[in-house]
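Count the sequence shown with my numbering and you get residues -16 to 204, in order.
Below: the structure, in structure tokens.
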Amino acid sequence: MGFDGDTFHSNIQKVPVAQQPQPQPTAKPEHATAAHHGPTLDTDRTNDHVYEFTTRVVRSVMQLSQGVTEARAEEYLDMVKGVGLELRNLLASVDDLMTFFPLWSKKEVEMAHRVLSKDMANLVQAMKLAIKYSKTTLDGEYRRGMLSSAHALAIDAKNLLDVVDSVRLRIQMPLSPTAPPASASSPVGATNGQPAPDEDAATSCVQPEVPPDLEANYDVT
């Protein structure tokens, strides 16, 4: 499967950006954004799991944004859960690659990961408010907040891919390297593309922070 850069960037751009009813004073964002590393690498993406899961995250955000735009409040929970699960897969695929990455790259990847984790938390909170006020005159305002949170997550997922690509280019690593056996000293022990449980997962330098019990964490009652 070849890389279609135009399609990828087109999907990013299709994620709606909430329009504010009135201009707001210029202010710094609440969370730091990881440094951008230029355009997404234009290369063959066959067996590139990080790219694959980034695309899935973007698509799930597009579906969520469509549902929010159409005010389908009864579907918000399932759609946010879908985004969370795709994000978990993306972070797990990055975890797998960290086995091959040098120590100097750890900070860059962790920064991009922390931004995404906060994006997901912001999306969950925005969803709760959108559901709570869905039958009130404030519905439009809180739907715009949910769209903004979803858009930020999609952009930062793309940025994580750019960070990973930047490291891979610098160390001249193939897109789908053969994984060495996991050991106690390895930063990640992975099985079938998922982080290993218990000790290995605890020592991973990039851990998915979307809780496994999504239903409990998305409780809006």
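Every residue gets a Cβ at the ideal spot worked out from N, C-alpha and C, and that includes glycine.
* Assigned exposure category for LEU86 - 16 Cβ within 10 Å defines buried -> LEU86 sits exposed, since fewer than 16 C-beta atoms from the chains shown fall within 10 Å of its C-beta.
* **Simplified DSSP state of TYR59, which is helix, strand or coil** => helix
* Asked: TYR125 lies in the alpha helix (DSSP H); which residues open and close that run?
  -> Here the alpha helix (DSSP H) through TYR125 covers 122 to 154.
* Asked: CB ALA113 to CB VAL41, shorter than 8 Å?
  -> no
* Asked: Do the stretch 31 to 39 and the stretch 75 to 85 make contact, defined as three or more Cβ pairs closer than 8 Å?
  -> yes
* Asked: With DSSP run on the structure shown, which of helix, strand or coil describes ASN175?
  -> With a pLDDT of 40 at ASN175, under the threshold of 50, the predicted position of this residue should be treated as unreliable, though the coordinate-derived value follows. ASN175: coil per DSSP, three-state reduction.
* Name the residue from MET45, MET129, GLN155 and PHE83 whose alpha carbon lies nearest to the alpha carbon of MET110. => MET129
* **Of the residues ASN72, THR52 and ILE154, the one placed nearest ALA133, counting alpha carbons only** => THR52
* N-terminal and C-terminal residue of the alpha helix (DSSP H) that GLU35 is part of -> 32 to 52
* Asked: Would you call the CB atoms of VAL63 and VAL107 closer than 8 Å?
  -> Result yes, Cβ atoms of VAL63 and VAL107 sit closer than 8 Å.
* Round the Cβ separation of LEU99 and ASP145 to the nearest angstrom and send it over; I've been treating them as touching at under 8 Å. => About 13 Å separates the two Cβ atoms, so there is no contact after all.
* Asked: Taking the alpha helix (DSSP H) that SER100 falls in, what are its first and last residues?
  -> 89 to 115
* Inter-residue Cα distance where the pair is THR38 and ASN142 -> Each residue's alpha carbon lies about 12 Å from the other.
* To do: Taking VAL150 as the reference, give the member of LEU80, THR119 and HIS96 with the closest Cα.
  => LEU80
* To do: Could you tell me if LEU205 is buried or exposed, where buried requires 16 or more neighbouring beta carbons within 10 angstroms of its beta carbon?
  => Nothing in the structure corresponds to residue 205, since the chain is present only between -16 and 204.
* To do: Give the secondary structure of LYS64 by DSSP, where H, G and I count as helix, E and B as strand, and everything else as coil.
  => helix
* Select from LEU47, THR26 and THR29 the residue whose C-alpha is nearest the C-alpha of SER131. => LEU47
* What does a CB cutoff of less than 6 Å around SER117 pick up in its chain, not counting 5 residues either side in sequence? -> ALA56
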